[in-house]
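Chains Z and F, in that order, give the protein sequences.
In this text, residue positions in the first sequence follow this note's numbering: the first is 5, and each later residue adds one.
In this text, residue positions in the second sequence follow this note's numbering: the first is 125, and each later residue adds one.
For glycine and all other residues, C-beta sits at the position ideal for the given N, C-alpha and C.
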Amino acid sequence: MNAHRDFPLRRMVAPIVLILFVLGWYRFSGAYIQTDDASLLAHGNYAVYVPVQQVSAYMQAVTWVSYAAVFGGLILLWSGLVSYVEHMERSNHG
Amino acid sequence: MAPPMILEPPFLDSLELVYLMFALSGFILGWVAQRGNYCFVNAMTSVFTTKTYDRFGGLMLLFGLSALVPGLLVAVGVVPSVDQYYFNYFGGWYIVVGAFIFGFGAAIAGGCNLSMLYRAASGYVQNWLELFGMMVGTYIFATLVWPFQLSTMQAGLLSTKAGGYVEYLPYDLFHSVSGASVGATAVLLGVPFILFGVYLQRRTQARFRAMGSVEPVRAAGAGGVVVSRERESTGHGSAVKRAWRVLTLKEAMGTNLATVVLFLDLLLVFIVGAGYTFNYLVITSSDGGRFLEYILMPFGVNLALTTSWYNSSLPIVDTSVLMVIMLIVGAFSASYLSGDFKIRIPRERRRLAIGFGGGILVGLGVRIALGCNVGLMWTNFAQLGYDGLLFLPSMLAGVALAVKVQEHLL
Chain Z
5 MNAHRDFPLR RMVAPIVLIL FVLGWYRFSG AYIQTDDASL LAHGNYAVYV PVQQVSAYMQ
65 AVTWVSYAAV FGGLILLWSG LVSYVEHMER SNHG
Chain F
125 MAPPMILEPP FLDSLELVYL MFALSGFILG WVAQRGNYCF VNAMTSVFTT KTYDRFGGLM
185 LLFGLSALVP GLLVAVGVVP SVDQYYFNYF GGWYIVVGAF IFGFGAAIAG GCNLSMLYRA
245 ASGYVQNWLE LFGMMVGTYI FATLVWPFQL STMQAGLLST KAGGYVEYLP YDLFHSVSGA
305 SVGATAVLLG VPFILFGVYL QRRTQARFRA MGSVEPVRAA GAGGVVVSRE RESTGHGSAV
365 KRAWRVLTLK EAMGTNLATV VLFLDLLLVF IVGAGYTFNY LVITSSDGGR FLEYILMPFG
425 VNLALTTSWY NSSLPIVDTS VLMVIMLIVG AFSASYLSGD FKIRIPRERR RLAIGFGGGI
485 LVGLGVRIAL GCNVGLMWTN FAQLGYDGLL FLPSMLAGVA LAVKVQEHLL
């Protein structure tokens, strides 16, 4: 039981938080930024309206960045899980 | 004839690539700032507390290099001068006042705009509250201060309303934006800062050698933030071994190494973003302003339609959004991989309230100044403007006052 406690849980929780943060950002960008930008155009607020091609470029970049960050997070999570298993095995045999 | 005000992209980058480069730049910024514990406010605080100048000297080196090299790139024609001055903001009373408020707020809250973000991503709860306070401060600015400030700017009361080449030092000094005038200005501005930085660092090192100490004493974190004390890469061992220890995250980055990498990071954005957007300028607007705007969007509130400043000065998205998001990801990755990541709640609970209150001042200050220590001060050195020269002493004065207040009241 103590072996569980000795292992810093943040090593596994942190990558999950990273993945959820990035996915959340991706979903948010798709759901709200594009829609609200269109609403700015509808209201004729050109001072802060961003042209469609720029928003598309942003979305494209967010997609690629999200892929990279999610894969990176998964690698970190996997590495954390391996460390956890190693830690448990050492505790059980020691 | 007035210099042109039409952007000229020197490289035919796709917009996607420009956005991706800003994302990469943000990641590097977060990673390096976290590994080097690079905080503008801490560098300034140590001048007044421990009287050490090595970190402040590093800042001077950063500003000097940022003025010199981009200026020379413009001088030899790699980047058109218009791309350097196009985004120069207006200068005026508000930079002096805003930078003072910002320096004061950041010093008591526990972080400048850069360190607030990387520390928040490393688990410092005080900096989370500072970030939240900054959103509130930005909203207060937008509703109460901006209408008044705008009227003084439009009337030109102790302010300009032109920006661009009007506040471009080569134009102000030589009435020309030719390569020769830009090159001469870059040398005139950059070299003294570099020499001053080297002098400050040597002076500090000499002082500590005389005292028998190998390393300068680091000031405690600004605003009572107790930063983790990783061993920093020093002059011991071969350069290759030291580089390996830094690359494998066994040692924190030294001040000057972090300075050089951060400068190269700015140079990346300067070259790739030239003609599209060269500016860290909206980095504060992004985290302080936009994040509140973004948080409210799912609740059906669109500040860009309803609230002053948001509806006139803050495009709903731009490259800096990705830069800030990736700064957070980069800082988080660096702290996690080095084993430094930990949720840290200050023992003194009042520090949380001070962090929030300081954050409000940070939000107010950066918006009044029209930018922060990164977006306005550092960037403006690379733009060869004079806003950074106004910002620096005012911020120093704000930090000095905060140090006095902390010594006697907090």
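Euclidean distance between Cα positions of residue i and residue j
{"i": "SER138(F)", "j": "LEU392(F)", "result": "15 angstroms"}
{"i": "PHE317(F)", "j": "VAL311(F)", "result": "10 angstroms"}
{"i": "SER305(F)", "j": "TYR292(F)", "result": "11 angstroms"}
{"i": "SER33(Z)", "j": "GLY154(F)", "result": "21 angstroms"}
{"i": "GLU254(F)", "j": "LEU476(F)", "result": "8 angstroms"}
{"i": "ASN96(Z)", "j": "LEU420(F)", "result": "50 angstroms"}
{"i": "PHE505(F)", "j": "THR173(F)", "result": "27 angstroms"}
{"i": "PHE515(F)", "j": "ALA398(F)", "result": "24 angstroms"}
{"i": "GLY188(F)", "j": "LEU416(F)", "result": "34 angstroms"}
{"i": "LEU373(F)", "j": "TRP217(F)", "result": "44 angstroms"}
{"i": "ILE75(F)", "j": "VAL301(F)", "result": "In the structure as shown, chain F begins at 125 and stops at 534. Residue 75(F) is therefore absent and cannot be evaluated."}
{"i": "TRP68(Z)", "j": "VAL26(Z)", "result": "11 angstroms"}
{"i": "ALA343(F)", "j": "ALA233(F)", "result": "For ALA343(F), the predicted model reports a pLDDT of 48, less than 50, meaning its position is unreliable; a value from the coordinates is still stated below. If I take the Cα positions, the gap works out to 16 angstroms."}
{"i": "LEU56(Z)", "j": "ARG94(Z)", "result": "For the record, residue 56(Z) in the displayed sequence is Val; it is not Leu. Cα to Cα, the separation comes out at about 56 angstroms."}
{"i": "TYR143(F)", "j": "THR443(F)", "result": "5 angstroms"}
Cutoff 8 angstroms: residue i Cβ touching any chain Z Cβ
{"i": "LYS285(F)", "result": "no"}
{"i": "PHE456(F)", "result": "yes"}
{"i": "MET129(F)", "result": "no"}
{"i": "LEU429(F)", "result": "yes"}
{"i": "PHE135(F)", "result": "no"}
{"i": "PRO422(F)", "result": "yes"}
{"i": "PHE402(F)", "result": "no"}
{"i": "PHE465(F)", "result": "yes"}
{"i": "VAL290(F)", "result": "no"}
{"i": "VAL249(F)", "result": "no"}
{"i": "TYR418(F)", "result": "yes"}
{"i": "TYR162(F)", "result": "no"}
{"i": "GLU531(F)", "result": "no"}
{"i": "TYR210(F)", "result": "no"}
{"i": "VAL453(F)", "result": "yes"}
Contacts of residue i in chain F (Cβ-Cβ under 9 angstroms)
{"i": "TYR62(Z)", "result": "LEU139, GLU140, TYR143, VAL441, ASP442, THR443, VAL445, LEU446"}
{"i": "VAL59(Z)", "result": "ILE440, VAL441"}
Residue i Cβ short of 7 angstroms to the ligand PLP heavy atom set
{"i": "PHE317(F)", "result": "What this structure holds is no ligand at all, so the ligand PLP is not there to describe."}
Interface partners of residue i on chain Z, CB under 7 angstroms
{"i": "ILE426(F)", "result": "The sequence given here places Asn at residue 426(F); Ile does not occur at that position. Residues of chain Z passing the Cβ test: ASP40, SER43."}
{"i": "ILE449(F)", "result": "TRP29"}
{"i": "PHE265(F)", "result": "Chain Z residues near PHE265(F): none, gap ~16 angstroms exceeds 7 angstroms."}
{"i": "ALA147(F)", "result": "ALA65, VAL69"}
{"i": "VAL393(F)", "result": "The premise fails here: VAL393(F) is roughly 14 angstroms from chain Z at the closest Cβ pair, so nothing lies under 7 angstroms."}
Given residue i as reference, the closest of the options once Cα atoms are compared
{"i": "TRP252(F)", "options": "THR503(F), PHE214(F), ILE219(F), ARG468(F)", "result": "ARG468(F)"}
{"i": "ALA428(F)", "options": "SER83(Z), GLY77(Z), VAL52(Z)", "result": "VAL52(Z)"}
{"i": "ILE225(F)", "options": "THR430(F), THR262(F), VAL385(F), PRO470(F)", "result": "THR262(F)"}
{"i": "VAL171(F)", "options": "VAL490(F), LEU238(F), VAL529(F), VAL523(F)", "result": "VAL523(F)"}
{"i": "PRO133(F)", "options": "THR401(F), LEU461(F), THR430(F)", "result": "THR401(F)"}
{"i": "ILE20(Z)", "options": "TYR50(Z), ALA73(Z), TYR88(Z), GLN58(Z)", "result": "ALA73(Z)"}
{"i": "ALA279(F)", "options": "PHE214(F), GLY321(F), VAL490(F), LEU438(F)", "result": "PHE214(F)"}
{"i": "TYR434(F)", "options": "LEU533(F), ALA376(F), PHE265(F)", "result": "PHE265(F)"}
{"i": "GLY479(F)", "options": "GLY314(F), TYR143(F), GLY235(F), GLY424(F)", "result": "GLY235(F)"}
{"i": "TYR242(F)", "options": "SER444(F), PHE465(F), ALA330(F), PRO127(F)", "result": "PHE465(F)"}
{"i": "GLY287(F)", "options": "PHE394(F), SER149(F), VAL206(F)", "result": "VAL206(F)"}
Any chain F beta carbon closer than 8 angstroms to residue i
{"i": "LEU78(Z)", "result": "no"}
{"i": "LEU13(Z)", "result": "no"}
{"i": "PHE32(Z)", "result": "yes"}
{"i": "LEU24(Z)", "result": "no"}
{"i": "ILE37(Z)", "result": "yes"}
Residues that residue i bridges to, as DSSP identifies them
{"i": "TYR545(F)", "result": "The displayed coordinates of chain F run from 125 to 534. Any statement about residue 545(F) would go beyond what the structure contains."}
{"i": "SER283(F)", "result": "GLY216(F)"}
{"i": "TYR248(F)", "result": "ARG468(F)"}
Under 8 angstroms from the C-beta of residue i: neighbouring residues of chain Z
{"i": "ASN435(F)", "result": "ASN49, ALA51, VAL52"}
Where residue i meets chain F, residues with beta-carbon distance less than 8 angstroms
{"i": "TRP82(Z)", "result": "Ordered by position in chain F, no residue passes the 8 angstroms Cβ test against TRP82(Z), which lies about 14 angstroms from the chain."}
Partner residues on chain Z for residue i, Cβ-Cβ distance less than 9 angstroms
{"i": "TYR213(F)", "result": "Per Cβ cutoff of 9 angstroms: no residues; TYR213(F) is ~16 angstroms from chain Z at best."}
{"i": "TYR460(F)", "result": "ARG14, ARG15, ALA18, PRO19, LEU22, LEU80"}
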